[in-house]
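Shown next, in structure tokens, is the structure this report addresses.
Number of protein chains: 4
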Amino acid sequence: MHQDGLKCIELCYKCAAMCDFCAASCLKEDNPARMTDCIRLAVQCAGICRLSAQFMSLDSDYFKQTCRICVDICKACAEECAKHQSDHCQRCAKICRNCANACLRMVA
Amino acid sequence: MHQDGLKCIELCYKCAAMCDFCAASCLKEDNPARMTDCIRLAVQCAGICRLSAQFMSLDSDYFKQTCRICVDICKACAEECAKHQSDHCQRCAKICRNCANACLRMVA
Amino acid sequence: MHQDGLKCIELCYKCAAMCDFCAASCLKEDNPARMTDCIRLAVQCAGICRLSAQFMSLDSDYFKQTCRICVDICKACAEECAKHQSDHCQRCAKICRNCANACLRMVA
Amino acid sequence: MHQDGLKCIELCYKCAAMCDFCAASCLKEDNPARMTDCIRLAVQCAGICRLSAQFMSLDSDYFKQTCRICVDICKACAEECAKHQSDHCQRCAKICRNCANACLRMVA
Chain S
1 MHQDGLKCIE
11 LCYKCAAMCD
21 FCAASCLKED
31 NPARMTDCIR
41 LAVQCAGICR
51 LSAQFMSLDS
61 DYFKQTCRIC
71 VDICKACAEE
81 CAKHQSDHCQ
91 RCAKICRNCA
101 NACLRMVA
Chain A
1 MHQDGLKCIE
11 LCYKCAAMCD
21 FCAASCLKED
31 NPARMTDCIR
41 LAVQCAGICR
51 LSAQFMSLDS
61 DYFKQTCRIC
71 VDICKACAEE
81 CAKHQSDHCQ
91 RCAKICRNCA
101 NACLRMVA
Chain C
1 MHQDGLKCIE
11 LCYKCAAMCD
21 FCAASCLKED
31 NPARMTDCIR
41 LAVQCAGICR
51 LSAQFMSLDS
61 DYFKQTCRIC
71 VDICKACAEE
81 CAKHQSDHCQ
91 RCAKICRNCA
101 NACLRMVA
Chain Z
1 MHQDGLKCIE
11 LCYKCAAMCD
21 FCAASCLKED
31 NPARMTDCIR
41 LAVQCAGICR
51 LSAQFMSLDS
61 DYFKQTCRIC
71 VDICKACAEE
81 CAKHQSDHCQ
91 RCAKICRNCA
101 NACLRMVA
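First to last, the protein sequences are chains S, A, C and Z.
All residue numbers for the first sequence refer to our numbering, where the first residue is 1 and numbers rise by one.
All residue numbers for the second sequence refer to our numbering, where the first residue is 1 and numbers rise by one.
All residue numbers for the third sequence refer to our numbering, where the first residue is 1 and numbers rise by one.
All residue numbers for the fourth sequence refer to our numbering, where the first residue is 1 and numbers rise by one.
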């Protein structure tokens, strides 16, 4: 696996970890009703990030297709997280954007 | 979730179970060297089937995108499995085709 | 895979589908703050159910260990869901109990 | 999440990536029949590593139970990989041992 692939796998798993943590943290907030879109997207983002990382690691013929979805969901999750001021949401937004960029390079 | 969605979720998980079983069975055969393409595809097929089922169950905005990949990998796995005479490969080919058809209806 | 194993795989995936649906439905309710424990447990329950089903399908040496965790999380999720009157929670509670029982038979 | 947890999540995902890569590489070798135990264990190891990382990130009440299985499978995978001279197996053995040690600290 070349350098871009290794970096993208690392960022996908980092993003999965941050999204799971963000979803769990949103559920603990005083007003989780404000965070439902964030939770929903973070759970899905963690799922597609893990599968994309797995497909890249397996050197699958289909990794570009999973990375393409990863770009879309990471961007949507970053946009939603960026609206919230909590530290976990702000950090999640940043990592989602990094992951989206790395996946975009993979599908180019 | 409407009727087609429920049926597709069920078929995706059925396909995941059969693909995992097929991969494990191929590894136990006398000549696993003949089965490497089958194992590789079955592992990936199980992975995308599980994610597509999860995304449909979550009523995700992205389920059509995962189902589209599911169609491609299920078809490729069915084609490869169909070449082999073992019972597990023949059954796997059939279930993969059913799953591909169900996913195709979801993306229509 | 003998009959009990096949039944358990089917129930684990059925439970995963119901838990994902229940979590997504809880997030759409008027007062999601009441449902946070339910959402948290349902997400984890879906995850361990999928892994246990995968390990049984793979005929893994470790399926009893994953099934044991599945029993614990399914029971906890059933207990939490049973507290809520919505249709999705009541159905989820029932399916979680069925899955816990099936996993219990596998570890016996 | 405290420092040990973050480190363990990182190592679990690193191990998942290495195990997937090792399984795919074993399937490409001249004599995959020699590598079937390795492939089987690596696929399972990647699965439990991903779930353990997810459970730790979610701050789940059940992460010690998944980490305990992770210790067992990582050790078994490391032992099997260590028997083979290929670079991917040797690196996989090392990362599996690191991951087992990190998970062991989590369950202590």
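Beta carbons are placed, not taken as given, at the ideal position from N, Cα and C, and that holds for glycine.
State the start and end residues of the unbroken alpha helix (DSSP H) segment that holds lysine 83 of chain A.
No alpha helix (DSSP H) holds lysine 83 of chain A; DSSP gives it neither H nor E.
Let me check understanding here. Comparing Cα to Cα, which of C:Cys49, C:Leu6, C:Cys15, C:Leu11 lies closest to cysteine 89 of chain C?
C:Cys15
For the region 33–48 of chain Z, list every residue whose C-beta sits within 7 Å of some C-beta in chain A, in sequence order.
Ala33, Thr36, Ile39, Arg40, Val43
Does DSSP put glutamate 10 of chain S in a helix, in a strand, or in coil?
helix
Any residues in the region 71–93 of chain C with a beta carbon nearer than 9 Å to a beta carbon of chain Z? Which ones, in chain order?
Asp72, Ile73, Ala76
Other residues of its chain near glutamine 44 of chain Z: CB distance less than 7 Å, five sequence neighbours each side excluded:
Ile73
I think isoleucine 9 of chain C touches alanine 53 of chain C, with their Cβ atoms under 8 Å apart; what is that distance to the nearest whole Å?
5 Å
Cysteine 27 of chain S touches chain C at which residues, Cβ-Cβ below 8 Å?
Strictly speaking, residue 27 of chain S in this sequence is leucine, with cysteine absent from that position. The answer, in chain order, is Thr36, Ile39, Arg40.
If you follow the alpha helix (DSSP H) that methionine 56 of chain Z is part of, which residue opens it and which one closes it?
36–57
Looking only at C-alpha atoms, which of A:Cys12, A:Gln3, A:His2 sits nearest to cysteine 103 of chain A?
A:Cys12
Measure the C-alpha to C-alpha separation of cysteine 22 of chain Z and alanine 33 of chain Z and round it to an integer number of angstroms.
15 Å
Which of helix, strand or coil does DSSP assign to alanine 93 of chain C?
helix
For phenylalanine 21 of chain A, which residues in chain C fall below 8 Å Cβ to Cβ?
Met1, Ser57, Leu58, Asp59
Using the C-alpha atoms, what's the distance from phenylalanine 63 of chain C back to glutamine 65 of chain A?
31 Å
What residue from Z:Met56, Z:Ser25, Z:Cys81, Z:Cys77 has the CA that sits closest to glutamine 3 of chain Z's CA?
Z:Met56
From cysteine 26 of chain A to aspartate 59 of chain C, what distance separates their C-alpha atoms?
12 Å
Find the nearest neighbour of glutamate 125 of chain S within the set S:Ala42, S:Asp20, S:Asp61, S:Ala17, judged by alpha-carbon distance.
Any property of residue 125 of chain S remains undetermined from this structure, which presents chain S solely from 1 to 108.
Express the C-alpha separation of aspartate 61 of chain Z and leucine 83 of chain C in angstroms, rounding to a whole number.
The sequence as given places lysine at residue 83 of chain C; leucine does not occur at that position. Near 20 Å, if we compare the C-alpha coordinates of aspartate 61 of chain Z and lysine 83 of chain C.
Could you work out which residue in A:Lys75, A:Asn98, A:Cys67, A:Ala46 is closest to methionine 106 of chain A when comparing CA atoms only?
A:Cys67
So what's histidine 2 of chain A in DSSP terms, helix, strand or just coil?
coil
Could you name the residues of the same chain whose beta carbon sits closer than 6 Å to that of glycine 5 of chain Z, not counting the 5 residues immediately before and after it, in chain order?
Met56
Can you pull the chain C residues whose beta carbon is under 7 Å from the beta carbon of isoleucine 117 of chain A, in chain order?
Beyond the ends of chain A as shown, which are 1 and 108, falls residue 117 of chain A; an answer cannot be given.
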